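Below: the structure, in structure tokens.
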Amino acid sequence: MNTLPNKFYLFIAFLFGTFFAIAGNPALPEPNPSGRRKPPPPPGLPIDENIFILIIIALIFGIYVIYSHKLKTKTPI
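Going left to right, the sequence shown walks through residues 43 to 119 as this note's numbering numbers them.
Structure (structure tokens):
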């Protein structure tokens, strides 16, 4: 079985894909001539509203994991 046609088709597909990527998408709308759009409004609540509660929960969970971990090594006689 000759792989030359397969390589040729892959090369053509790669070439067309590259041309389409370079050419861009002509269906995109034109930019706003009056300048940039207004930025979106800020979110209603701050991101770090309950950060101290999360830190306390993380510390308690870490202490639980450390103290509940048991070493599974055999002790010599």
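Just so you know, even glycine gets a beta-carbon here, dropped at the ideal spot from N, CA and C.
The structure displayed is predicted, hence computed values, not measured ones.
Mapping the DSSP letters down to three states, classify residue i as helix, strand or coil.
i	result
LYS80	coil
ASN92	coil
Which residues in the same chain have their Cβ closer than 7 Å to the Cβ of residue i, if we skip the five residues on either side of it in sequence?
i	result
ILE54	none
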